[in-house]
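See structure below.
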Amino acid sequence: MKEKNPEYFLKIRAVVNELDPIGLIASGAPEDEHDTLTANILELIVHKKFDEIRDLIIESYSWYGFNHDDIKDEYKESSNTKLSLIIEKILEINKEYYGV
25 MKEKNPEYFL KIRAVVNELD PIGLIASGAP EDEHDTLTAN ILELIVHKKF DEIRDLIIES
85 YSWYGFNHDD IKDEYKESSN TKLSLIIEKI LEINKEYYGV
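Using this note's numbering, read the sequence shown as starting at 25 and increasing by one per residue.
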């Protein structure tokens, strides 16, 4: 995925890094830290499975040893809002590239 559309991949990576599921980028991790998630998101986009992006991102928390469902109640609304904004940005980038 990365090799086929490097510019597109990097735009999606920037959005995923903005989400930074558990704060690794903010803690100094390299910018390619979430490239597996980025590639999986692109795979869903290629197959037009846009409705699965949210579940994938939520599932990705478990890749790092966390459970998204364990977010404290006082942070859930903020987390869900951020997640929705990130998905909107991803879909907007997709529209730029593919008009979908």
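Glycine included, C-beta positions come from ideal geometry on N, C-alpha and C. Note that the structure is a prediction, hence the values are computed from the model and not measured.
Put simply, of Ser108, Ile81, Tyr88 the residue whose alpha carbon is nearest the alpha carbon of alanine 63 is Ile81. In the three-state DSSP reduction, serine 51 falls in the coil class, being neither helix nor strand.
Burial state of asparagine 91 is exposed, judged by a 10 Å Cβ sphere holding fewer than 16 other Cβ atoms.
Ranked by Cα distance from isoleucine 69, the first of Glu27, Tyr32, Trp87, Ser108 is Tyr32.
Serine 108 has its alpha-carbon roughly 28 Å from the corresponding atom of glutamate 27. The C-alpha of isoleucine 110 is placed about 8 Å away from the C-alpha of glutamate 42. Selection Glu101, Lys72, Gly89 evaluated against lysine 119 yields Lys72 as nearest (Cα-Cα).
Counted as a single uninterrupted DSSP element, the alpha helix (DSSP H) harbouring isoleucine 36 occupies residues 30–43. Short of 7 Å from the beta carbon of tyrosine 121, and not among the five residues preceding or following it, lie these beta carbons of its own chain, in chain order: Tyr32.
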